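Under UniProt numbering, the first residue of the sequence shown carries the number 1, and numbering increases by one thereafter.
Note that beta-carbon positions come from the ideal geometry of N, C-alpha and C, so glycine has one too.
Values in this document were obtained by computation on a predicted structure and should not be read as measured data.
Below is one structure, written out as structure tokens; comments come after it.
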Amino acid sequence: MAFYRMVGRVPDKRHTQFRDDEGNLYREELMGEEGFSSDSSLLYHKGVPSSLVDSTVWELPDQSLQSNHPLKARHLKLHTLFDTDGQEWKSNDPVTDRRLVLGNGDVRISYVVAGSASPYYRNAIGDECVYVEKGAGTVETVFGVLPVREGDYVIVPRATTHRWVPDDSAGPLRAYAIEGNSHIAPPKRYLSRYGQLLEHAPYCERDLHGPTEPVVVDDTDVEVLVKHRVSGMPNGVGGSRLVYATHPFDVVGWDGCLYPYTFNVEDFMPITGKVHQPPPVHQVFEGYNFVVCNFCPRKVDYHPLAIPVPYYHSNVDSDEVMFYVAGDYEARKGTGINVGSISLHPGGYAHGPQPSAIEGSLGAEYFDELAVMVDTFRPLELGEAGRESDDGAYAWTWSGRGPQNGDPGTYSIG
């Protein structure tokens, strides 16, 4: 995120000697994107950030993907993936217990319900955008600590060492993780050529919250789990356990334009119009070959003949994934979709509201709904969690009839 911050102590000039009170030299680390050609930050370590003493394999959870073939829309019930009636979730952590729902060569979407602190972790493949559906806690990072709460997007730049620490008193931490193979940032159309958020953007720099002070930990032989590219592995993704002689959280200060931050969905200012506005007005972030949008509570169209729910539209270039977080989603009435559901509308056919929802929406002045949408420009495939949570019937809800290769009778929508 291209606006400058300074946290902790840094020298007056970069790439110059910087010592502690005993005369020991701090080690300067440049963490930068696109080589030396894009956003970066300079971090000042007490130890040596490359002091590796061991490397072994980290066996990741199932990363396999299965094509959405034959092509059909799907309803995935994420809240069925973890048992929250008992206490099993308390031993889960927000990183290693993520379950892969959907993915392709550009992005992976996972879900987890957790109550324990994660190991130290670094994603060396791409940025992460983690939406906190429920719960609270902190994300400790090499840049400092981020408090997180319900409704936060947590943006973690590629290769940032961090760990998640849920707050037990807030109940289960439900996290929806969007992992890119690229960087994730505000849409370019929201930004000036120098990187400032413009007046037409639905949020501004005041809404982005980064670390405010360093966290310095003195420890030795610290294990960090690293997700990275490995040829020949499922989805090209593998893991390693790296052990460092000194703790990664030994940074006394840093400055620059690259760092983790949070943005809460309540701070998004919806853009509305006289007639129905297309999904790009709801966009919040973008990555390579995918975008992230949020549909927030808002006033709706005010033309006297307006139809507030979306018109039918064909996904010519993209797959659409909608995660229903709160409220009452008007266009999906009668399908079984509820809070905790995902709808997948793949490219290749038209989709839109249920027929009864169109008439039912007429005259509405306000929609009380909250959903996080990911649109991808490569077909999405089903991970193990997507396959397990699929209701198997959503594709037929517009017609009210079951599949023709079996009993062609009426399908009951419920």
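Determine the burial state of residue i: buried for a count of at least 16 other Cβ atoms within 10 Å of its Cβ, exposed for fewer.
| i | result |
| --- | --- |
| S361 | buried |
| H183 | buried |
| S412 | Bear in mind that the predicted position of S412 carries a pLDDT of just 38, short of 50, making it unreliable; the figure below should be weighed with that in mind. Classification of S412: exposed, given that the 10 Å Cβ count is below 16. |
| F36 | exposed |
| K227 | buried |
| G392 | exposed |
| R163 | buried |
| P280 | exposed |
| P172 | buried |
Taking residue i as part of the alpha helix (DSSP H), name the residues at either end of that continuous run.
| i | result |
| --- | --- |
| G360 | P355 to S361 |
| E22 | Segment: none, E22 is in no alpha helix (DSSP H) and carries neither H nor E. |
| A170 | No alpha helix (DSSP H) contains A170, which DSSP labels as neither H nor E. |
| A385 | E384 to S389 |
Can you give me the Cβ contacts of residue i inside the same chain, cut-off strictly under 6 Å, excluding the 5 residues immediately before and after it?
| i | result |
| --- | --- |
| H79 | G340 |
| L380 | L102, N104 and D319 |
| H247 | V217, D219 and V222 |
| Y4 | C257 |
| R27 | H45 and V48 |
For residue i, which residues from the same chain have a beta carbon less than 7 Å from its beta carbon, with the 5 sequence-adjacent residues on both sides left out?
| i | result |
| --- | --- |
| Y190 | L197, L198 and A201 |
I think residue i touches residue j, with their Cβ atoms under 8 Å apart; what is that distance to the nearest whole Å?
| i | j | result |
| --- | --- | --- |
| P260 | T141 | 5 Å |
| S110 | R98 | 4 Å |
| Y324 | F263 | At roughly 20 Å, the Cβ-Cβ gap does not stay under 8 Å, so Y324 and F263 are not in contact. |
| L60 | G327 | About 34 Å; that fails the 8 Å criterion. |
| I337 | Y329 | 7 Å |
| G126 | G180 | 4 Å |
By alpha-carbon positions, which one of the options ends up nearest to residue i?
| i | options | result |
| --- | --- | --- |
| V154 | I178, P172 and D168 | I178 |
| N294 | E133, T160 and E88 | E133 |
| L146 | L52, V165, S51 and A371 | V165 |
| V374 | Y131, V216, Y329 and A395 | Y131 |
| A357 | L344, E365 and T335 | T335 |
| E29 | D21, A73, E22 and Q17 | Q17 |
| S389 | F82, G135 and V10 | F82 |
| A114 | L76, V139 and A175 | A175 |
Near residue i, which residues of its chain fall below 8 Å by C-beta distance, leaving aside the five closest residues on each side in sequence?
| i | result |
| --- | --- |
| L305 | none |
| L71 | P346, G348 and Y349 |
| L258 | M1, M31, G32, E33, D39, S40, S41 and P157 |
| K274 | D301, Y302, H303 and A306 |
Along the chain, where does the beta strand (DSSP E) that runs through residue i open and close?
| i | result |
| --- | --- |
| S40 | S40 to H45 |
| A175 | L173 to G180 |
| residue 415 | For residue 415 there is no data in the structure shown, the boundaries of the chain being 1 and 414. |
| K227 | T220 to R229 |
| residue 495 | Not covered by the structure: residue 495. The range shown for the chain is 1 to 414. |
| R241 | V237 to T246 |
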